[in-house]
Amino acid sequence: MTAPTLQQTLHQWFTPAWAAEGIVEEAFGWLQPGDRVAEPSCGDGAFLCALPDSLDVVGVEIDPVQADRARRASGRHVIVGDFLEVSVEELGRVQAVIGNPPFQSETVAAFLRKSHEILEEGGQAGFILPAYILQTSSSVERFHSLFSIRQSMIPRNLFPGLSLPLCFVTFTKERQRRLHGFMLYREAQEIAAIDRRWKQKVAAGRDSRGVWFPVVREILRALGGCADLEQIYGSIQAMRPTANPHWRAKVRQVLQRHASAFERTAPGQYQLREAVAA
Ligand SMILES: C[S@@+](CC[C@H](N)C(=O)[O-])C[C@H]1O[C@@H](n2cnc3c(N)ncnc32)[C@H](O)[C@@H]1O
913 MTAPTLQQTL HQWFTPAWAA EGIVEEAFGW LQPGDRVAEP SCGDGAFLCA LPDSLDVVGV
973 EIDPVQADRA RRASGRHVIV GDFLEVSVEE LGRVQAVIGN PPFQSETVAA FLRKSHEILE
1033 EGGQAGFILP AYILQTSSSV ERFHSLFSIR QSMIPRNLFP GLSLPLCFVT FTKERQRRLH
1093 GFMLYREAQE IAAIDRRWKQ KVAAGRDSRG VWFPVVREIL RALGGCADLE QIYGSIQAMR
1153 PTANPHWRAK VRQVLQRHAS AFERTAPGQY QLREAVAA
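This is the structure we're talking about:
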């Protein structure tokens, strides 16, 4: 058996110069002269060279051979070491973090947590990542607890010999967090948190009156034929509620649209009509 190469152990896939330049222009054009930027795993310096001279840039690289190449090519300060161990004081506060980190899920998550520590409020990390990092709604939710996230597909043949779908993802540190380019992620998390009695129904149910009609009807039956909205929501939600899960609006819609089945007896209160209750 042959020993693994550095490409395999340290994930040394170096970004083509033209692609690094394109990413800096397209995603980091908002940086101002004098802003500080960190490249946490700078390899031989593709991003260090692509960033304009007017920026204050620091690179980190665990492999001293690549660190030396990056330093000589870019003329930038490059720290030799593990990004996760370099102190926040040495890295300094930054407006941006940019790069192409090692692709293991846990390393990416740790790089993002460390980036969050050094980023100023409003700052942004932008990474080339394998698409599998963003494939489940639960992993996106974890990143979203720290950042707004925006993703774009990029061609995997940027790296000859790599067979993973790739994306470029920006993570913005801001109070009001949003997701861009993530259809159904939030909804998938909210459905995962509903009572298991209803999960099968909202997936496999086929009802032209809408997904939530049979669920609401069954809940009203179980509650003795009459209930208010909070009781209905409470019967649906099994786990930690998000602030305003999307299905609450769906439940209200079903109750309002099907007056032949649900009678509004008071504001926010509904009763099953007898023919439906039977
Ligand atoms: C995928 S390459 C990308 C290099 C460069 N960012 C680029 O885009 O060309 C990842 C680099 O991270 C380095 N590396 C791996 N683990 C690291 C760590 N914990 N801290 C700093 N650098 C690391 C590897 O040696 C490798 O050069």
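Convert by adding 912 to the 1-based position in the sequence shown; the result is the number in the working numbering.
Glycine residues also receive a C-beta, built at the ideal position from the N, C-alpha and C atoms.
This one's a predicted model, so the numbers in the text were calculated from it and none came from an experiment.
Look at glutamine 978 here: in three-state DSSP terms it is helix.
A buried status is given to glutamate 1102, since no fewer than 16 other beta-carbon atoms sit within 10 Å of its beta-carbon. One thing to note: glycine 1011 has its Cβ no nearer than 8 Å to the Cβ of proline 928.
With respect to serine 1064, phenylalanine 1039 sits apart: the two C-beta atoms are not nearer than 8 Å.
Under DSSP, proline 964 takes part in no beta bridge, so it has no partner. A distance below 6 Å between beta-carbons, with the five flanking residues on each side excluded, links glutamate 1099 to the following residues of its chain, in chain order: His1158. Contact between the region 983-991 and the region 1040-1054 is not established, with fewer than three Cβ pairs separated by less than 8 Å. Closest option to threonine 1082, judged by alpha-carbon separation, among Ala1037, Gly1093, Glu1032 and Asp1119: Ala1037. From the listed residues Glu1018, Pro1013, Ile1148 and Val1000, the smallest Cα separation to alanine 1105 is found for Ile1148.
Counting every other CB atom within 10 Å of its CB across the protein chains shown gives alanine 932 a total of 16 or more, marking it as buried. Apart from the 5 residues on each side of it in sequence, proline 1014 sits with its Cβ closer than 7 Å to the Cβ of Leu922, His923 and Ser953 in its chain, given in chain order. Distance from arginine 1062 to histidine 1092 at the Cβ level is roughly 4 Å; contact confirmed, criterion being Cβ atoms closer than 8 Å.
With fewer than 16 other Cβ atoms from the protein chains shown falling within 10 Å of its own Cβ, valine 977 counts as exposed.
The beta carbon of isoleucine 1030 sits no closer than 7 Å to any heavy atom of ligand 1. Ranked by how close their Cα comes to the Cα of alanine 939, the residues Tyr1097, Pro1072, Thr1084 and Ala1150 have Thr1084 in first place. With 16 or more other Cβ atoms from the protein chains shown falling within 10 Å of its own Cβ, serine 1049 counts as buried. Under the 8 Å Cβ criterion, the region 1156-1173 counts as touching the region 1111-1131, having at least three qualifying pairs. A check of alpha carbon separations from arginine 1005 across Ala1115, Leu1031, Glu1142 and Arg1025 identifies Leu1031 as the nearest.
Here glutamate 973 is buried. Its C-beta has 16 or more other C-beta atoms within 10 Å. By the neighbour-count criterion, in which 16 or more other beta carbons inside 10 Å mark a residue as buried, glutamine 1007 falls on the buried side. Inclusion of tryptophan 925 in the 7 Å shell around ligand 1 follows from its C-beta lying nearer than that to a non-hydrogen atom of the ligand.
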